[in-house]
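Peer 1: The sequence shown begins at 6 in our numbering and counts up by one. Backbone N, C-alpha and C fix where the C-beta goes; we use that ideal spot for every residue, glycine too. If you're wondering where the values come from, they're calculated on a predicted model, not measured in any experiment.
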Amino acid sequence: MAGTVDRFGRLDALVNNASSFFPTPFGSIDQAAWDDLVGSNLKAPLFLTQAAAPHLLAARGAVVNITDIHAERPLAGYPLYCAAKAGLLGLTRALAIELGPLVRVNAVAPGPILWPEEGFFDSTTRAAIVAHTLLERAGCPQDIARAVHYLLEDATYVTGQVINVDGGRSAHL
Numbered sequence: 006m007a008g009t010v011d012r013f014g015r016l017d018a019l020v021n022n023a024s025s026f027f028p029t030p031f032g033s034i035d036q037a038a039w040d041d042l043v044g045s046n047l048k049a050p051l052f053l054t055q056a057a058a059p060h061l062l063a064a065r066g067a068v069v070n071i072t073d074i075h076a077e078r079p080l081a082g083y084p085l086y087c088a089a090k091a092g093l094l095g096l097t098r099a100l101a102i103e104l105g106p107l108v109r110v111n112a113v114a115p116g117p118i119l120w121p122e123e124g125f126f127d128s129t130t131r132a133a134i135v136a137h138t139l140l141e142r143a144g145c146p147q148d149i150a151r152a153v154h155y156l157l158e159d160a161t162y163v164t165g166q167v168i169n170v171d172g173g174r175s176a177h178l
């Protein structure tokens, strides 16, 4: 963090976007899956934000966490991922309280945007997911980028909130 601030002079924003995603059927969850999913989806954002906080406070900056619509509407077969993302959603709201009024903390919760590379969802499952999305299509990474940009630049009176960028899927779950 210090190297970034030394190089650029300040830190205005933090986007916690790193994530792991894989199924963890209940009854087969092990320590390695816990460490991976909770580590990338909850622990890393907590400690990165904590390290960045003094710089963000000085700059009156903003934090955006990337959560998931399944933080509030769990996905069968993925209880650990959903729990970690639910934790990140709670952390978002808690940090808005802790860092306000100088730093705004919000989240973006994507729906179907990019399919996992590992092929967890076959074409039939993908089609069913899209069919239950009110806009009847998957989104694109630019949809997420626009929401993040809005929260970082334009949403000066928004904090502790989650924007679902999911084509209406969460309204249909």
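For the beta strand (DSSP E) holding P146, just list the boundary residues, first then last.
Peer 2: Within the sequence shown, numbered from 1, the residue matching residue 146 stands at position 141. Element bounds for P146: not the beta strand (DSSP E) but the alpha helix (DSSP H), 146–154.
Peer 1: According to DSSP, simplified to helix, strand and coil, what is N46?
Peer 2: In the sequence shown, the residue the question calls residue 46 occupies position 41. Residue state, collapsed to three classes: helix.
Peer 1: Between the Cα of G173 and those of D159, R15, L140, spot the shortest distance and give me the residue it belongs to.
Peer 2: For the purposes of this step, residue 173 is taken as the residue at position 168 of the sequence shown. Of D159, R15, L140, the residue nearest in Cα terms is L140.
Peer 1: I134 by DSSP, collapsed to three states: which one?
Peer 2: The residue labelled residue 134 in the question sits at position 129 within the sequence shown. Correct three-state label for I134: helix.
Peer 1: What residue from R151, A7, P59, A176 has the CA that sits closest to A112's CA?
Peer 2: Taking the sequence shown and counting its residues from 1, the one referred to as residue 112 is at position 107. Nearest of R151, A7, P59, A176 to A112, Cα basis: R151.
Peer 1: I want to know whether the stretch 59–68 touches the stretch 125–139 - three or more CB-CB distances under 8 Å.
Peer 2: With a cut-off of 8 Å, the stretch 125–139 and the stretch 59–68 do not count as touching, because too few Cβ pairs lie within range.
Peer 1: I'd like to know whether the C-beta atoms of P117 and G82 end up nearer to each other than 8 Å.
Peer 2: What you label residue 117 is simply residue 112 of the sequence shown in a count that begins at 1. What you label residue 82 is simply residue 77 of the sequence shown in a count that begins at 1. Not closer than 8 Å, so no.
Peer 1: Going by C-alpha distance, which of G8, K48, F13 is nearest N22?
Peer 2: As a first step, residue 22 must be located in the sequence shown, where it is residue number 17. Comparing Cα-Cα distances from N22 to each of G8, K48, F13, the minimum goes to K48.
Peer 1: Would you call the CB atoms of S175 and R98 closer than 8 Å?
Peer 2: For this step, residue 175 is matched to residue 170 along the sequence shown. For this step, residue 98 is matched to residue 93 along the sequence shown. It is not a contact, given that the beta carbons lie outside the stated cut-off.
Peer 1: Answer yes or no: do T72 and A114 have a C-beta to C-beta separation smaller than 8 Å?
Peer 2: Taking the sequence shown and counting its residues from 1, the one referred to as residue 72 is at position 67. Taking the sequence shown and counting its residues from 1, the one referred to as residue 114 is at position 109. In contact: T72 and A114 (Cβ atoms closer than 8 Å).
Peer 1: In terms of residues, what are the limits of the alpha helix (DSSP H) holding R12?
Peer 2: As a position in the sequence shown, residue 12 is number 7, starting the count at 1. Residues 7–13.
Peer 1: Curious, which full-length beta strand (DSSP E) runs of at least 3 residues does the stretch 45–90 contain?
Peer 2: Taking only runs of at least 3 residues, the beta strand (DSSP E) segments lying wholly in the stretch 45–90 are 67–71.
Peer 1: Considering only the beta carbon of each residue, do T129 and H177 sit closer than 8 Å?
Peer 2: As a first step, residue 129 is located in the sequence shown; it is residue number 124 there, counting from the start. As a first step, residue 177 is located in the sequence shown; it is residue number 172 there, counting from the start. No, these two residues do not count as a Cβ contact at 8 Å.
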